[in-house]
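A quick write-up on the structure given underneath.
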Amino acid sequence: MFSLAMFLGSYLSGLVPLAFTLSETKMRYVTVLGAGLLVGTALAVIVPEGVHALYMSELETNQMQTQHEFHSDHKVVGRHLNQVD
Numbered sequence: 000m001f002s003l004a005m006f007l008g009s010y011l012s013g014l015v016p017l018a019f020t021l022s023e024t025k026m027r028y029v030t031v032l033g034a035g036l037l038v039g040t041a042l043a044v045i046v047p048e049g050v051h052a053l054y055m056s057e058l059e060t061n062q063m064q065t066q067h068e069f070h071s072d073h074k075v076v077g078r079h080l081n082q083v084d
């Protein structure tokens, strides 16, 4: 629903200059509306997705490091047990 509202707002603000003859002041308002929708889209959709991707990659990296450390500990213990004999 949110995406549909942003699409309609962007589409309509793009059609206004083509459909009507506007003064320079009113044209600025339409331009500001279009720019606001663009910035709103970035803040509401793109930035949270990017932050989520960063957190997921960091989580995967931490899990891989934990697994690597776990396997490394077994190798160290195995070496020491072999030296005990």
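Here numbering that gives the first Met the number 0 is used: the first residue of the sequence shown is 0, the next is one more, and so on. Ideal Cβ placement from N, Cα and C applies to all residues, glycine included. These numbers were taken from a predicted model, which means no experiment stands behind them.
Assigned secondary structure, residue i (DSSP; H/G/I helix, E/B strand, else coil)
| i | result |
| --- | --- |
| Met-5 | helix |
| Asp-84 | With a pLDDT of only 48 at Asp-84, under 50, the local geometry of the prediction cannot be trusted, and no value is derived from it. |
C-alpha gap between residue i and residue j, whole angstroms
| i | j | result |
| --- | --- | --- |
| Ala-41 | Glu-57 | 22 Å |
| Met-5 | Val-31 | 14 Å |
| Ser-2 | Lys-25 | 26 Å |
| Tyr-54 | Val-46 | 12 Å |
| Ala-34 | Glu-48 | 20 Å |
For residue i, the nearest candidate out of the options (CA to CA)
| i | options | result |
| --- | --- | --- |
| Leu-7 | Thr-20, Glu-59, Leu-37, Pro-47 | Leu-37 |
| Met-0 | Glu-59, Val-44, Tyr-54, Val-50 | Val-44 |
Cβ separation of residue i and residue j, assumed to be a contact under 8 Å, to the nearest whole Å
| i | j | result |
| --- | --- | --- |
| Leu-21 | Val-29 | 7 Å |
Discussion item. Suppose only complete runs of 4+ residues qualify. What are the alpha helix (DSSP H) ranges in the segment 18-70, listed by chain order?
Written reply: Qualifying alpha helix (DSSP H) stretches, in chain order: 23-40.
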